[in-house]
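Just below is one structure, and these are the notes that go with it.
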Amino acid sequence: MGSGLMTQAAEPNDGTGRETPAPPESGSRPATGSARVPVPRPAESAVQHSPPQPPVRPGRATVPVPNQPPFPNHPPIPHQPPFPQQPAVPHQPQAPGPTTYQSGGGTAPQTPRKSRRLAAVLVAVFLLVALLGGGAAVQLTRDLPAATLTTGVAGTLKIPGSLPEMPWPARGSAELMVEGLGRIGGSGGARTEPIGSVAKVMTAYVILKNHPLEGDDEGPGLTVTAADVADYNSRIPSGQSLVRVEQGEKLTERDALEALMLPSANNIAHQLAVWDAGDLDGFLEKMNAAADELQMTDTEYTDPSGFLPSTTSTAADQVKLARAVLEFEVFADIVELRTAQIPVVGTIQNYNALLGVDGVFGIKTGSTDQAGGNLVFASRLKVGSRELVIVGAVFNQPGANTPEQLAAVNKEVRKLLAAVRRTVKEYQLLAAKPVGRVETAWGASTTVTPASPLKVVGWPGLSVKVETTTAGPGARVGAGQVVGEVQASGVRVPLRTDGATGEPSLWWRLTRTS
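One point on numbering: in full-length UniProt numbering, the residue at position 19 of the sequence shown is 19, and numbering is uninterrupted.
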């Protein structure tokens, strides 16, 4: 027993050797394990002792037992006084050992300390909700603020490395660029020099600006006058490039442009100038005004054909013009022709011997004793899935005559084009590594990474403009969610989250201030 004191009574015996249960003693602890209820102790003389009764098992019906005679040879059981009041036993701490739930026998009982802690939490929540009242419901149903996205991608990135040395010509000047990418470089500086028939590119530009053609349009007609025939005859002694004309001949605008650009007819340049502006001086004003608009600061036109050495420019200025005039599709179609048919003379030939070589599709040759050999060129270049256009100019190449001068300039152009094709490739501009972070109002965050490396076409050392746009991550951010993109040189790569931000806690929702 828990009191540590026991009183043992003699065990009854029925004479057969079997023990019979002793009757319950007055004042003993109930067998049910329930809490003790204090009962007034009666006087000892008032206690009536009834003979002992056999115990009744719970759950069974009691069967009447007939009266039995007293056990033979068994003296009556003497009366036992009730147990005296036992002194309180001080609490003895139990040695640590496995409990029922620790050894797998069941769940742990709630200790008073845990119960008190749980009750305190429940009371606190109850009081908080009670204090907030309807405000708690409002807090819990408020929309969550959108997460913020920050990125560290610079607005301009440089392709690693440096541009290899280009084979610039030892004499004259040169300029080279790739449309959509930028300027590769040049040589000869801003030295102005005669450009010969390259001047006819500006003549065509002014004509197409004032009289645009679309598709297969032939354009308005030009009638050859007696003055046009006289101009043609006056140029023959000087050995200029010409196309024979006859009075009353009808040329369309397209016919005149083909005669201007393929066999480089000086007389047709003069005829177009007068047709457009009414006189030569008026047309020259238009040519120089167009040069100013294109920021060709080192260029001056004194005639529409370039025969005069006073018509001067630079390779860099003529590349600016070439890029502008190629915007006219009709012009690009014309300069790519090897031959064309016009009235009176019939078939005319293109002087540009590089057509179809190394992707060249234009633009204009030019040669004089003062200018040397000149070529403004355009070449197509395919890198991966991208179609690029190389635009360049090489001026003042040596030669004793026009064929030698043009052969010399063509050789320099091909060396430059070969170097460009070796250098212009696809390069990685931005790796698929974290470049930003998405953070929620409750402090959860995840990194942001490009879905794949950002690769662009260019050359080592090229600075590339990079644009970063965001799609708005929203309040809840999932793993792999697209939250923006980076783009450069027409290439776009999505920005994705590397993980999810999860949900805010109940406490944050209740106590948020924004």
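Ideal Cβ placement from N, Cα and C applies to all residues, glycine included.
In this structure, DSSP gives residue 301 a state outside helix and strand, which the three-state scheme calls coil. As DSSP reads the structure, residue 425 sits in a beta bridge with 458.
Distance from the CA atom of residue 182 to the CA atom of residue 456, rounded to whole angstroms, is 13 Å. Residue environment: residue 295 is assigned as exposed (fewer than 16 neighbouring CB atoms within 10 Å of its CB, all protein chains considered). Secondary structure of residue 395 (DSSP, three-state): strand. One thing to note: residue 149 has its Cβ no nearer than 8 Å to the Cβ of residue 376. Comparing alpha carbon positions, the residue from 156, 186 and 177 closest to residue 167 is 186.
In terms of CA proximity to residue 171, 399 leads the group 399, 317, 216 and 254. Only residues of its own chain outside the window of five on either side were considered, and among them 336, 338, 361 and 362 have a CB closer than 8 Å to the CB of residue 355, listed in chain order. Residue environment analysis places residue 481 among the buried positions, since at least 16 neighbouring C-beta atoms fall within 10 angstroms of its C-beta. For residue 363, DSSP records a beta bridge to 377. Leaving aside the five residues that flank residue 498 on each side, the residues in its chain whose CB is nearer than 6 Å to its CB run, in chain order, 446, 447 and 449. For residue 252, the closest C-alpha among the options 273, 343 and 206 is that of 343. The alpha helix (DSSP H) runs of length 4 or more contained entirely in the region 326-353 are, from start to end of the chain, 329-335. Taking the Cα of residue 476 as reference, the smallest distance to any Cα among 242, 113, 116 and 144 is reached at 144. Closest by C-alpha distance to residue 462, out of 488, 411, 314 and 443, is 488. By the neighbour-count definition (other C-beta atoms within 10 Å, threshold 16), residue 348 is a buried residue. Of all alpha-carbon atoms in 263, 368 and 384, the one lying nearest the alpha-carbon of residue 405 is that of 368.
Non-local beta-carbon contacts of residue 442 in its own chain, meaning distances under 6 Å to residues more than five positions away in sequence, involve 504 and 508 in chain order. When secondary structure is reduced to three states using DSSP, residue 221 falls in the strand class. Closest by C-alpha distance to residue 290, out of 262, 321, 303 and 277, is 321. Non-local C-beta neighbours of residue 483 in its own chain, meaning closer than 8 Å and more than five positions away in sequence, comprise 149, 438, 448, 470, 471, 472, 473, 477, 495, 496 and 497, ordered along the chain. For residue 385, the three-state secondary structure derived from DSSP is coil. Taking one beta carbon from each stretch, the region 206-225 and the region 372-388 have fewer than 3 pairs nearer than 8 Å; the two do not touch. Across the set 270, 358, 430 and 301, the C-alpha of 270 shows the shortest separation from the C-alpha of residue 224. Three or more Cβ pairs closer than 8 Å define a contact, and the region 273-282 falls short of that threshold against the region 234-248.
Under the three-state reduction of DSSP, residue 467 is assigned to strand. The DSSP assignment places complete beta strand (DSSP E) segments of no fewer than 3 residues inside the region 223-260 at 250-252, in order along the chain.
Counting along the chain, residue 282 sits inside the alpha helix (DSSP H) bounded by residues 280-293. The three-state secondary structure of residue 404, taken from DSSP, is helix. Residues 163, 423 and 424 of the same chain have their beta carbon placed closer than 6 Å to that of residue 459, with the five preceding and five following residues left out of the count. For the options 492, 490 and 500, the alpha carbon positioned closest to that of residue 479 is the one of 500.
For residue 202, the uninterrupted alpha helix (DSSP H) segment begins and ends at 200-210.
Here residue 371 is buried. Its C-beta has 16 or more other C-beta atoms within 10 Å. Classified as buried, residue 254 has 16 or more neighbouring CB atoms from the shown chains inside 10 Å of its CB. Residue 401 places its beta carbon 8 Å or farther from that of residue 196.
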